[in-house]
Amino acid sequence: MTAQSDYTLEIQIATQFLDDESKPEQDRYVFAYTIRIRNLGRLPAQLLSRHWIITDANGKVEEVRGEGVVGEQPRIEPGDEFTYSSGAVLQTAVGTMQGSYDMLGDDGTRFDAPIPPFTLSMPRTLH
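Numbering (full-length UniProt numbering), first residue to last: 1 to 127.
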């Protein structure tokens, strides 16, 4: 049996509203996010696939599944990290994302690494 400490990932997220690419008058709000995955465990693990649940302020839910992230299936050694940036387009100025990564440990253990919910939000503007 694999000990929990063999596979421990820390996931940190930073988001940004892309004003230049957004068109609020057309209900198009573009966001970038950068995710850092840090391996705090004792064994290396490879990210095989991702599963996202994206919800806009109208309650519209979109699920996205795919291999790897940004065209890669990174193998993350203990103490190392992998950082990537991607984006999402919403029909509302605010939304949330959450999900999980399907991971494969060096000993053959498959496990899900939960991605905590985070908010995508257009900065408030004064009129």
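Built from N, CA and C at the ideal position, the CB exists for glycine as well.
Q) Taking C-alpha atoms, which residue in P24, Y101, L9 and I76 lies nearest to P123? A) P24
Q.
Is it the case that the region 45 to 56 contacts the region 97 to 106, given that we only count it when at least three CB pairs across the two stretches are under 8 Å?
A. yes
(Q) Rounded to the nearest angstrom, what separates T8 and N39 at their Cα positions? (A) 6 Å
Q: Starting from D102, follow the beta strand (DSSP E) in both directions and report where the run begins and ends.
A: V94 to G105
**Q.** With 16 other Cβ atoms within 10 Å as the buried cut-off, status of R110
**A.** exposed
Q: Look at the alpha carbon of T2 and the alpha carbon of D80, and state the distance between them as a whole number of angstroms.
A: With a pLDDT of 48 at T2, under the threshold of 50, the modelled position of that residue is not reliable, and no figure is offered here.
Q) Which class does P123 belong to by DSSP, given the choice of helix, strand or coil? A) coil
(Q) Would L47 and I13 qualify as a contact pair, given that the criterion is a beta-carbon distance under 9 Å? (A) no
Q. How would you call D56, buried or exposed, if buried means at least 16 neighbouring beta carbons within 10 angstroms?
A. buried
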